[in-house]
Every structure is written in structure tokens, then in C-alpha cells.
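Protein chains in written order, with my numbering: chain A, 3 to 128; chain B, 47 to 304.
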């Protein structure tokens with residue numbers, strides 16, 4: 003193996019190492035960017051307290067209204083007042099609860115995890 | 047008390063009429079088809095958005111100018127929102143979601159100008175928007191999944207006996223979506239503007255009550271300033287909530303079955 007061959011190879015090796023470094027750098031930057039995007043998306047989903055409250059209230063109330071209105075319409079059509087209205091009102095109540103639970107679950111999933119050090123154990127004694 | 051009526055700002059004024067539908071022989075009653083102040087502000091909103099986007103992206107610079115940057119950031123914002131809640135398949139609906147968001151946002155912001163009309167303060171507008179969303183969800187869901195779309199109402203892993211109760215509840219829950227979507231936007235905009243006007247009205251009526259009134263008017267005046275800021279926040283937030291829920295519902299159409 004000649005001297006020039008060796009130097010060529012080492013040159014290739016160093017350039018390869020450099021590309022590898024660059025690739026890992028790009029990877030890291032990409033990861034950072036993704037993390038940032040995820041963090042932004044998280045922050046975007048957070049609402050103010052009144053916004054959350056309004057969301058939950060409207061989810062619940064609208065289901066009850068839709069249920070009662072549907073029941074009333076069925077009653078008027080089939081002349082069975084007030085059976086369907088009562089039944090569908092209760093179902094609307096259940097659907098509203100379901101909506102609220104789902105919305106709250108979604109909010110919980112999006113909320114940042116609480117710091118475990120700051121959590122205070124619940125005192126069950128009293 | 048002229049000018050302090052909190053409801054008057056929501057009045058519909060007809061500028062010119064195209065005629066009436068369904069009037070009787072005497073020309074009484076019927077539904078007037080007219081270009082109103084509401085329509086004017088909708089046209090203004092759409093014109094503003096379209097004009098801005100067309101002008102700002104005309105240069106198509108690789109290094110964006112400041113105007114172009116705002117357009118690109120709004121694109122990124124909505125695209126991220128869709129990707130995070132409906133997956134990359136949801137990007138099909140990008141034009142729809144982007145139009146919804148910008149329309150609600152800009153019309154709410156326009157409504158914050160004094161003497162301007164707030165489009166979303168009328169239930170019919172928000173209901174129309176919500177029904178548009180729901181019809182897109184239903185039509186695309188049925189088109190894409192066929193009968194599989196009905197899986198949306200049947201949660202997996204539930205015994206048959208319980209399904210008899212659960213399925214009607216799920217259907218009711220689905221039916222309540224357009225109402226909650228529209229009521230939230232409408233309620234926020236209406237209530238916010240009424241409260242703002244009421245507090246501003248206090249300033250006017252207190253200052254006409256002599257020297258003590260003028261000092262007393264400082265309190266509602268401060269409140270009015272704070273509420274103005276809050277209304278900007280609420281207007282933007284409600285536009286955001288409306289669009290993110292649209293994305294969530296579109297996700298149901300793309301992937302039914304929880």
C-alpha cells in the first residue's frame with residue numbers, strides 16, 4: 003500500500019466521520035424542532051379557566067336540550083306526550099354527562115403532568 | 047337614554063333588498079332577502095382575508111418578508127393543529143379548517159371596532175357554520191367508511207345488553223355536537239359584547255350626574271378597558287376552540303370507532 007493511498011483513505015474516513023457528525027447534528031436539530039412543535043401544540047390546547055368552564059357547560063347543556071327537543075318532537079308527531087320527552091330528557095342528561103367526561107379527559111390528557119415533589123399526600127384521618 | 051342600549055348593536059339593518067319570499071297577496075309578511083350589515087361584514091371579512099393572503103404570498107420569497115411570514119405562520123399553526131388532532135390524513139381538510147378559523151377570527155376581531163357589527167353574535171351564523179362542519183363530517187365519514195361510520199356509535203368492548211342503552215346515548219351525544227359548537231361561539235360573543243356595552247353605558251350615565259358621578263365613572267371605565275382586552279382574548283380563543291373541535295370531529299369521520 004503506497005503512502006498516497008493511505009492518506010486518501012484517512013481523508014475519506016475523516017470526511018465520513020464528519021458526515022456522520024453532521025447527520026447526528028441534523029437528527030438532533032430535527033428532534034428539537036419536533037419537540038418544540040409538540041410543546042407549542044400542547045400550549046395551544048390549553049385554555050383559560052373560563053374557556054374550559056364554558057366548554058364543559060355547553061357540552062352538557064346542549065345534549066340535554068337536544069334530547070328534550072327530540073323527545074318533544076317525537077311526542078308531537080306520535081301524540082304520546084309526555085313519555086318520549088321524559089325518556090329522551092334523561093338520555094340527554096346521560097349523553098351530556100358522557101360529553102363532559104370526554105371533554106374533561108381530553109383536558110386532563112393535555113394538561114402538563116404535576117410535579118411529583120410538590121404533591122401533598124391526602125390526609126385521610128379526619 | 048340614547049346610545050347605551052346594550053342590545054341595539056346586534057340589530058340587523060337592511061341596506062338593499064333583492065325581494066321577498068313567501069309574502070301573501072297584500073305583500074305582508076314573508077322573508078326578506080336582503081343585503082344586511084351582517085352580510086356586509088361577512089363580505090368584508092372574506093375580502094380582508096383573501097386580500098391579505100393573496101398580497102402577502104405574491105412575492106413567494108424563499109426568505110419570507112414580514113407579511114409573508116404571518117401567512118406562513120398561520121398556515122403552520124393550522125397545519126399543526128390538524129396533524130395533532132386528526133393525523134396527517136386530516137390535511138385533506140386543511141382548506142376547510144383554515145377558512146373556518148380565519149373567518150371566525152377575523153370577523154370577531156372586526157367586531158371589536160366600535161360601531162362595527164359582530165357576525166358571530168347571531169345564532170343563525172354560528173349554527174350555519176356548525177351544520178357545515180357536521181355535514182362535512184357525516185358526508186365524508188359515510189363516503190369513506192360506508193356503514194363502518196356507524197361504528198362511531200358503538201363503543202368497542204361493551205356487552206350486547208348494555209349496548210341497547212349506550213347506543214342511543216352515543217347518538218344523542220353526536221347530535222348535540224352542532225348545538226354545543228354553535229351555542230358556545232354565539233354565547234361568548236353575545237355575552238361579551240353586551241357586558242362591554244353595559245359597563246361603557248355606566249360611564250356615560252354616571253358622568254351626566256355631576257362631579258361625584260364623574261369620579262364614580264372611573265370604576266366602570268377601568269372595567270371597560272379590562273373587558274375590551276378580555277373580549278379580544280375571548281374572540282381569538284373561541285375561533286381556536288371552534289377549529290380544534292372541528293379537527294376532533296373530522297378525526298371521527300376519518301377514523302370511526304374509538
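The C-beta atom is built at its ideal place from N, Cα and C for all residues, glycine as well.
- Chain-ordered, the chain B residues with CB closer than 7 Å to the CB of residue 93 of chain A read 214, 215, 218.
- Under the DSSP assignment, residue 92 of chain A falls in the alpha helix (DSSP H) whose first and last residues are 85-112.
- By the criterion of at least three beta-carbon pairs nearer than 8 Å, the stretch 113-129 of chain B is not in contact with the stretch 249-257 of chain B.
- When only Cα atoms are considered, residue 233 of chain B and residue 23 of chain A end up about 56 Å apart.
- The beta carbon of residue 69 of chain A sits closer than 9 Å to some beta carbon of chain B.
- Taking C-beta atoms as the reference points, residue 85 of chain B and residue 63 of chain B fail to come closer than 9 Å.
- Residue contact with chain A for residue 198 of chain B: absent (no Cβ-Cβ distance below 9 Å to any residue of chain A).
- Cβ neighbours of residue 95 of chain B within its own chain (closer than 6 Å, five residues either side excluded): 148, 152.
- CA-CA distance, residue 76 of chain A to residue 91 of chain A, rounds to 12 Å.
- Taken atom to atom, the span from the alpha-carbon of residue 283 of chain B to that of residue 88 of chain B is near 19 Å.
- Taking a Cβ-Cβ threshold of 8 Å, the residues of chain B close to residue 56 of chain A are 230, 233, 234, in chain order.
- In this model, residue 226 of chain B and residue 288 of chain B are separated by some 10 Å (Cα to Cα).
- Contacts between residue 12 of chain A and chain B, judged by CB atoms closer than 9 Å, are missing: the closest CB pair is about 38 Å apart.
- Listed by position along chain A, the residues whose Cβ is nearer than 7 Å to that of residue 225 of chain B are 64, 67, 68.
- Contact check for residue 291 of chain B and residue 60 of chain A: beta-carbon distance about 10 Å, past the 8 Å limit, so the pair fails to qualify.
- Using a Cβ-Cβ cut-off of 7 Å, residue 101 of chain A is close to 219, 222 of chain B, given in chain order.
- Pairing residue 60 of chain B with residue 91 of chain B gives a Cβ-Cβ distance that is not under 9 Å.
- Of all residues in the stretch 241-252 of chain B, none places a beta-carbon less than 9 Å from a beta-carbon of chain A.
- Residue 207 of chain B counts as exposed, since fewer than 16 other beta carbons sit within 10 angstroms of its beta carbon.
- Under the DSSP assignment, residue 80 of chain B falls in the beta strand (DSSP E) whose first and last residues are 77-82.
- Three or more Cβ pairs closer than 8 Å define a contact, and the stretch 270-278 of chain B meets that threshold against the stretch 241-251 of chain B.
- At a cut-off of 9 Å between C-beta atoms, residue 113 of chain A does not count as an interface residue with respect to chain B.
- Setting aside the 5 residues that flank it on each side, residue 294 of chain B is surrounded in the same chain by 131, 132, each with a C-beta closer than 8 Å to its C-beta; the list follows chain order.
- Contact of residue 121 of chain A with chain B is not assigned, every C-beta pair being separated by 9 Å or more.
- In this structure residue 77 of chain B is exposed. Its beta-carbon is surrounded by fewer than 16 other beta-carbon atoms within 10 angstroms.
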